[in-house]
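In this note's numbering, the protein residues as written are 754 to 1354. Have a look at the structure below, then the notes.
In structure tokens form, the structure reads like this:
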């Protein structure tokens, strides 16, 4: 803990020094006449990357209205008494460079107390008021506080910071930025894994916050039903049918609001009889289809190398995908606009219409839309620059688009973020042998991975969508067609799912939203094979994880991904060696080592 205290102290000193008057000398001589003031030079324009960093870390485009007035997330955090220890256990992280001197000193004292033997929950780390203070200082990564005038509050480390508590009653709010799901820290003060997956240190952007429990964070809000389109529903128009990863029955519209709220929390935090989370950790659901299909959070480094966007590849351009996140995933009330309802209808027909009707009903029942008011008088919350876009277009699926310059600045920032460096202890000879296996054709004894994946980690991935039946061979064996959408809208695939094989939930991300929206096959986009050593689950739904290991390493889970023991019918059944061939554990280990080495600075 002494090392952590030193690092934190140094960070605070630097922050305070940057904000203080550096002149300590006092002269008794009379001051010399002041020279004429030079003409002020114009302020330099901020560079695009710097603007992009601000967007990434702090931009909400007004979604603080949704998270505070609809979801009531800060009220839920306060009411539940969430402590800093609880926050770290949820996977939230704290940026030490945003702390005020008072809060930093309190954390230093807590570290000293813990080092001396005091239980962590008996220090300020066990005090719920400190969680609210961290949020108020903008130190909880991805959680952005705003004052009653709608202006973003200064960071605790800023000279303008006023040491006052977060005052929700006075109209202060919190919103959510990209950084919540795409940033970590350098682990310099409290490393990830010491308390939970969250950490305390200097913020690092673009990396996946492994173990972030998005479902539990949403469930902590007072009104999780405000996120209804992204929850798993039981559909009336489908005679009660529900689609998800496990045995969750879906949220029933016939239940009371209280019962539906309890069901929402069970979906967001509960497990199936087989021990699978309905809404897995390190996952986020960006598809407003009432299906339980949260997918693994994608990294946001070197975005210049990745395309198309979304695991289904529905978006060709990064700025279009980011606009969807801002205008729908971080404020789903946009779905109740005329264009939003049209999108739901096009995507899912009567199921989409049911989602819209039920969503408005629960927003009224929970007071988000007050009695006697039209929905359009209250929602949506997100502020847009253009609300005239045709519904369903990639530029704005719900007819809305946020500021274009800020979207492009965000691209510029994430394009240049480096991927994690390769582990330092990898054997160079193993890496070289693994690379040879990766790039060599099957006929010549290799794994032929480059048939799909880019050989050079610093080259862009192929934009081709891999058809789902290639990646999951049982897919066509037992299809359940929910809506013959292709007969209604030319070019769109049917709304359908498979009931076949060992992992029928593999295709859940494709049931409604897929690349057929832009004329491409129904399937999955190719991921960046970078920073793999930071992961312990693989494939878009995190379904491949080393069996029988409580805390698997990346190497163990990658080995299982490539092990023919998973079987011919498993998702991504591309192994080394192939099923039925003599085992080559040494070769597979070399291939795993090479995959762990891939990096792009």
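Even for Gly, the Cβ is constructed at its ideal location relative to N, Cα and C.
Check: Proximal residues to residue 1170 (C-beta, below 8 Å), its chain only, five neighbours per side dropped; Outcome: 958, 959, 1053, 1054, 1055 and 1056
Check: Euclidean distance between Cα positions of residue 1059 and residue 867; Outcome: 44 Å
Check: Start and end residues, alpha helix (DSSP H) containing residue 1349; Outcome: 1338-1350
Check: Check whether residue 1282 and residue 1348 have beta carbons under 8 Å apart; Outcome: yes
Check: Spatial distance of residue 1350 from residue 1207 (CA atoms); Outcome: 14 Å
Check: Between the CA atoms of residue 1111 and residue 1087 - distance to the nearest angstrom; Outcome: 14 Å
Check: Collapsed DSSP secondary structure at residue 978 in the structure displayed; Outcome: helix
Check: Residue 1226 and residue 1321 closer than 8 Å at C-beta; Outcome: yes
Check: Expected contact under 8 Å - CB spacing of residue 1264 and residue 1050 to nearest Å; Outcome: Contact flag wrong, Cβ pair sits at about 20 Å.
Check: Validate contact between the stretch 1289-1309 and the stretch 1030-1044 using beta carbons, cut 8 Å, 3 pairs; Outcome: yes
Check: Inter-residue spacing [alpha-carbon to alpha-carbon] between residue 1104 and residue 1097; Outcome: 8 Å
Check: Limits of the alpha helix (DSSP H) - the one that residue 802 falls within; Outcome: 801-811
Check: At least 3 beta-carbon pairs within less than 8 Å: the stretch 1153-1162 vs the stretch 1123-1141; Outcome: yes
Check: Inter-residue spacing [alpha-carbon to alpha-carbon] between residue 852 and residue 1184; Outcome: 41 Å
Check: Run of the beta strand (DSSP E) containing residue 926, from where it starts to where it stops; Outcome: 926-929
Check: Nearest to residue 698 (by Cα), restricted to the options 1149, 1118 and 1009; Outcome: Look at the range of the chain in this structure, 754 to 1354, and you will see that residue 698 is not part of it.
Check: CA-to-CA distance, residue 1252 to residue 898, given in whole angstroms; Outcome: 45 Å
Check: The stretch 1068-1082 contacting the stretch 1111-1124, beta-carbon criterion three pairs below 8 Å; Outcome: no
Check: Closest by C-alpha distance to residue 992, when choosing among 876, 1007 and 983; Outcome: 1007
Check: Ordered list of alpha helix (DSSP H) runs contained in the stretch 1112-1169, each at least 4 residues; Outcome: 1157-1168
Check: Residues that residue 1062 bridges to, as DSSP identifies them; Outcome: 1068
Check: Buried or exposed by the 16-neighbour rule on C-beta atoms within 10 Å, applied to residue 1331; Outcome: exposed
Check: DSSP three-state assignment for residue 1231, whether helix, strand or coil; Outcome: coil
Check: C-beta atoms of residue 1121 and residue 822 nearer than 8 Å; Outcome: yes
Check: Residue 766 versus residue 954: straight-line alpha-carbon distance, rounded; Outcome: Confidence in residue 766 is poor, its pLDDT being 36 and thus under 50, which makes the residue's placement unreliable; the coordinate value appears in the next sentence. Cα to Cα, residue 766 sits roughly 15 Å from residue 954.
Check: Cβ neighbour criterion (16 or more within 10 Å) applied to residue 943; Outcome: buried
Check: Enclosing beta strand (DSSP E) for residue 957 [first to last residue]; Outcome: 956-958
Check: Length of the line joining the Cα atoms of residue 784 and residue 913; Outcome: Any answer about residue 784 is weak, because its pLDDT of 42 lies below 50 and its placement is not dependable; what the coordinates show is given next. Going from the Cα of residue 784 to the Cα of residue 913 covers about 30 Å.
Check: Member of 901, 930 and 933 whose CA lies at the smallest distance from the CA of residue 918; Outcome: 901
Check: Boundaries of the beta strand (DSSP E) in which residue 1251 is found, first to last residue; Outcome: 1248-1251
Check: Residue 1250 and residue 1151 closer than 8 Å at C-beta; Outcome: no
Check: Beta-bridge partners of residue 938, as assigned by DSSP; Outcome: 956
Check: Bridge partner(s) assigned by DSSP for residue 1276; Outcome: 1220
Check: Beta-bridge pairing of residue 877 - partner residues as DSSP gives them; Outcome: Paired residues: none, contrary to the question.
Check: The alpha helix (DSSP H) enclosing residue 898, as first and last residue numbers; Outcome: Looking at the DSSP string, residue 898 is not in any alpha helix (DSSP H); the run it does join, the beta strand (DSSP E), is 896-899.
Check: Where residue 998 falls: helix, strand or coil (DSSP); Outcome: coil
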